[in-house]
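J.:
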Amino acid sequence: MDSGDFYLELSDRPVLFEKATNVNSVFFDEANKQVFAVRSGGATGVVVKGPEDRIPISFRMEDKGEVKCIKFSLGNKILAVQRTNKTVDFINLIQDYSQLEYSQECKTKNARILGFCWTSATEIVFITDQGIEFYQVLAEKRSLKLLKSQSINVNWYMYCPESCVILLSTANLCNVLQPFHFKSGTMAKMAKFEIELPASTAKVAKISERDIAMATIYGQLYVLFLRHHAKASSSPGAEVVLYHLPREGPCKKMHILKLNRTGKFALNVVDNLVVVHHQDTETSVIFDIRLRGEFDGTVTLHQPVLPARSIHPYQIPIAGTNVCHPATNTEGPSAVAGQIPIPCKLYSSSWIVFQPDIIISASEGYLWYLRIKLAPIVHLLTDKGRLMDFLLQRKDCKSVILSVCSQMLSEKDRAPLPVIATVFDKLNCEYKKYLEAEHSYTLAVESSQGRSNALVKRPVRGQAVIDQSDMYTHVLSVFTDLKEVPHKFIIAVLMEYIRSLNQSQIPVQHYLYELVIKTLVQHNLFYMLHQFLQYHVLSDSKPLACLLLSLESVYPPAHQLSLDMLKRLSTANDEIVEVLLSKHQVLAALRFIRSIGGHDGASARKFLDAAKQTSDDMLFYTVFRFFEQRNLRLRGNPNFTPGEHCEEHVTFFKNLFGEQSLLKSTAS
47 MDSGDFYLEL SDRPVLFEKA TNVNSVFFDE ANKQVFAVRS GGATGVVVKG PEDRIPISFR
107 MEDKGEVKCI KFSLGNKILA VQRTNKTVDF INLIQDYSQL EYSQECKTKN ARILGFCWTS
167 ATEIVFITDQ GIEFYQVLAE KRSLKLLKSQ SINVNWYMYC PESCVILLST ANLCNVLQPF
227 HFKSGTMAKM AKFEIELPAS TAKVAKISER DIAMATIYGQ LYVLFLRHHA KASSSPGAEV
287 VLYHLPREGP CKKMHILKLN RTGKFALNVV DNLVVVHHQD TETSVIFDIR LRGEFDGTVT
347 LHQPVLPARS IHPYQIPIAG TNVCHPATNT EGPSAVAGQI PIPCKLYSSS WIVFQPDIII
407 SASEGYLWYL RIKLAPIVHL LTDKGRLMDF LLQRKDCKSV ILSVCSQMLS EKDRAPLPVI
467 ATVFDKLNCE YKKYLEAEHS YTLAVESSQG RSNALVKRPV RGQAVIDQSD MYTHVLSVFT
527 DLKEVPHKFI IAVLMEYIRS LNQSQIPVQH YLYELVIKTL VQHNLFYMLH QFLQYHVLSD
587 SKPLACLLLS LESVYPPAHQ LSLDMLKRLS TANDEIVEVL LSKHQVLAAL RFIRSIGGHD
647 GASARKFLDA AKQTSDDMLF YTVFRFFEQR NLRLRGNPNF TPGEHCEEHV TFFKNLFGEQ
707 SLLKSTAS
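Quick note on numbering: this note's numbering labels position 131 of the sequence shown as 177, and the sequence is numbered without any gaps.
#1: List the residues that DSSP assigns as beta-bridge partners of Asp-75.
#2: Quick check: the Cα distance between Asp-2 and Lys-529, rounded to an integer number of angstroms?
#3: Please report how far the alpha carbon of His-274 lies from the alpha carbon of Leu-223, in whole angstroms.
#4: Pick from Ile-140, Ile-116 and Leu-120: whose alpha carbon is nearest that of Val-8?
#5: Pick helix, strand or coil for Leu-139, following the three-state DSSP scheme.
#6: If you reduce the DSSP assignment to three classes, tell me which class Ile-423 lands in.
#7: Can Leu-352 and Leu-426 be called in contact, C-beta distance under 8 Å?
#8: Quick one: residues in its chain with C-beta nearer than 8 Å to the C-beta of Ala-383, no 5 flanking neighbours on either side, listed in chain order?
#9: Along the chain, which unbroken stretches of the beta strand (DSSP E) at least 3 residues long are found entirely within the region 182-246?
#10: Take the Cβ of Ser-546 as the centre, count every other Cβ of all protein chains shown within 10 Å, and call the residue buried at 16 or more, exposed below.
#11: Can you check DSSP and say which residues form a bridge with Lys-299?
#12: Exposed or buried, what is Phe-672 when buried is set at 16 or more other beta-carbons lying within 10 Å of its beta-carbon?
#13: Is the beta carbon of Ile-512 closer than 8 Å to that of Tyr-477?
#14: Please report the straight-line C-alpha distance between Leu-24 and Val-600, rounded to a whole angstrom.
#15: Asp-342: which of Thr-154, Lys-299 and Leu-160 sits nearest, CA to CA?
#16: Could you check whether Lys-153 and Glu-179 sit closer than 8 Å to each other, using their CB atoms as the reference points?
#17: Need the endpoints of the beta strand (DSSP E) that Val-632 sits in, please.
#18: Rounded to a whole number of angstroms, what is the C-alpha to C-alpha distance between Ile-418 and Asp-317?
#19: For Gln-145, list the residues DSSP reports as bridge partners.
#20: Quick one: Cα of Arg-614 to Cα of Leu-595, how far?
#21: Across which residues does DSSP place Val-315 in a beta bridge pair?
#22: In this structure, how does DSSP classify Glu-410 when only helix, strand and coil are distinguished?
#23: Please return the same chain residues whose Cβ sits closer than 6 Å to the Cβ of Val-724, not counting the five positions on each side in sequence.
#24: So for Val-127, helix, strand or coil by DSSP?
#25: Would you mind working out which of Glu-598, Lys-658 and Thr-468 sits nearest Gly-431, comparing C-alpha positions?
#26: Tell me whether the region 472-489 and the region 504-519 touch, counting them as touching only if at least three CB pairs, one residue from each stretch, are closer than 8 Å.
#27: Can you find the residues in the same chain that come closer than 6 Å, C-beta to C-beta, to Lys-310, ignoring five residues on each side of it along the sequence?
#28: By the three-class DSSP mapping on this structure, what secondary structure does Ile-418 have?
#29: Would you say the region 54-61 touches the region 402-421, given that touching needs at least three Cβ pairs under 8 Å?
#30: Determine the extent of the beta strand (DSSP E) in which Arg-504 is found, giving its start and end residues.
#31: Please report the straight-line C-alpha distance between Phe-226 and Val-524, rounded to a whole angstrom.
#32: Assign Thr-526 to one of two classes, buried (16 or more other C-beta atoms within 10 Å of its C-beta) or exposed (fewer than that).
#33: Looking at Gln-176 and Leu-193, is the spacing between their C-beta atoms short of 8 Å?
#34: Expressed to the nearest angstrom, what Euclidean distance is found between the alpha-carbon atoms of Glu-328 and Ile-405?
#35: Taking just the CA atoms, how far does Gly-283 sit from Ser-456?
#36: Considering just the uninterrupted stretch of the beta strand (DSSP E) at Thr-174, what are its terminal residues?
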């Protein structure tokens, strides 16, 4: 297998902890993402490590029996420890508070505590086999206050800390699931739903919590059910069924992920992708529910996005070679010189997965985060349109998308123009969505001036937003410099990108038009340039008009094309006059300002300066006479006012043509 094919990898800075042994028990807290290593019931030490903890938390506690569950409150201020089926013990780790243990027994008689979950810094839920009990922990009083409870037969439970939802399994076959949502001291019962079991006459196995996962995918909460035998007999192999769990309203079966194989599976969710690990083949596949699947009228069926691949091989350091990485202050693999780290056994039976993206090996003392690698996927997903749909949904996609765009324009991997057009359209669709969100935000802020803007959230610019500047800098400007690419293809690509922007109603930046013009000029395609301008394929702008003016020496008609463009802009009158004067076309400039009715306020000195610079005496005479007549018409006097600063030109006129040539005022 090509080393570049691995699209999944374990984080290179794992959390290391003391491996599980007879005297050391290991626990994982899914809310704080912390690993607890408890030695001898805590008497010889408890070490707590989390992904962000620069320094592990270490403490000792009295050995009061086997620890069944241990977790910190959110913020690590209160420790909760379960040692029996009836009670949970608490220890305050808050300065100036008593550190004596205090306990809470479950309220329901004869109930057995299955576990507990912290939902905030001071709120905890006990899950028993007979229901749930929601408490507020009063640390200063060393006691708990029951906020709410609910009786229900519970087989097992699951907690999703990202959404603060606890899922309870009830009924004989464990297939009826009851979710509860917790927020700021309130407990809300959500819609109960039933997992469909295969319609078989044979004995149906109970649903195990190992076959259920809860995760947030694209901002929505889903319950994932691993069905080991597909419902349809014609479709062998296991499948993952996704139930959408809204905050209000009924739960709905939405997606089915076809695994096309049987055996032992485990689920993770990474960057909104469902990752299914298969232990027998030691490979994984990924599914993206945003990609188009096959809709059967009720649910959408999805096949794996890519061929199955193993997680990238990982090296485990030899015992005694763990070092502390200064960058993160966490331990990580490092081998002593001359010693070779041993490969990690991937897909080991000792691996335990936690949602959304955690893999723990208790026997080796490692906690990894699972990561997606986008670069290898570019070569595995050959359909460029589907590849772009996939990449645009990923978190760190920008550099890979720009790389794909450059690659599809290269000589070696050149894509057909319709494919390039599809990619541009998909990019600009995302770009347009962001521009519209920004516009809506601006309008909302302007309309709420003086009122609180707390509810108006500025749209976050994700990496999927590839704007014109990105495309120009990283793709198109580099592409136009490629010597081996035919110029017709270069122009076609540039025009395709401009067409795509126009189709999405995105104003095209002038530098893209400039790139087109420079490419046309470089290959002497002046007839095409003339057509593009004549039929307004290239939109009018002042920078573009100025660029055309600069081309006059190589293409004389560019001068008139530029003036025509400036006239169409109507806001560029001053620029037109400046352009004409700089070209010593003084009479043309005068005619232009007369045509727009601007000659009454025009600066006489500016025109006389330009006329004088031509060294054409008759031209100077004509311009001088023009402004004398204007003065006469406006003020009844041909003389220039002191504010016009034309004394130098009056003297020059007298010297050339004599004082008698000056116009006389009508009063005299």
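Even for Gly, the Cβ is constructed at its ideal location relative to N, Cα and C.
T.: According to the structure data:
#1: Gln-80
#2: In the structure displayed, the chain extends from 47 to 714; residue 2 sits before or after that span and is not available.
#3: 19 Å
#4: The structure shown has nothing for residue 8, since the chain only spans 47 to 714.
#5: coil
#6: helix
#7: yes
#8: Here Ala-383 scores only 46 on pLDDT, less than 50, and its place in the model should not be relied on; the value that follows carries that caveat. No residues qualify anywhere along the chain.
#9: 189-197, 202-206, 211-216, 222-229 and 232-235
#10: buried
#11: Tyr-289
#12: buried
#13: yes
#14: Past the edges of the chain, shown from 47 to 714, lies residue 24, and the structure says nothing about it.
#15: Lys-299
#16: yes
#17: It is not in any beta strand (DSSP E) - Val-632 instead sits in the alpha helix (DSSP H) that spans 632-641.
#18: 8 Å
#19: DSSP output for Gln-145 lists no bridge partner at all.
#20: 15 Å
#21: Val-320
#22: coil
#23: This structure does not reach residue 724, given that the chain is present from 47 up to 714, and the question cannot be answered.
#24: strand
#25: Thr-468
#26: yes
#27: Gln-325
#28: strand
#29: yes
#30: Looking at the DSSP string, Arg-504 is not in any beta strand (DSSP E), and its letter there is neither H nor E.
#31: 55 Å
#32: buried
#33: no
#34: 14 Å
#35: 42 Å
#36: 169-174
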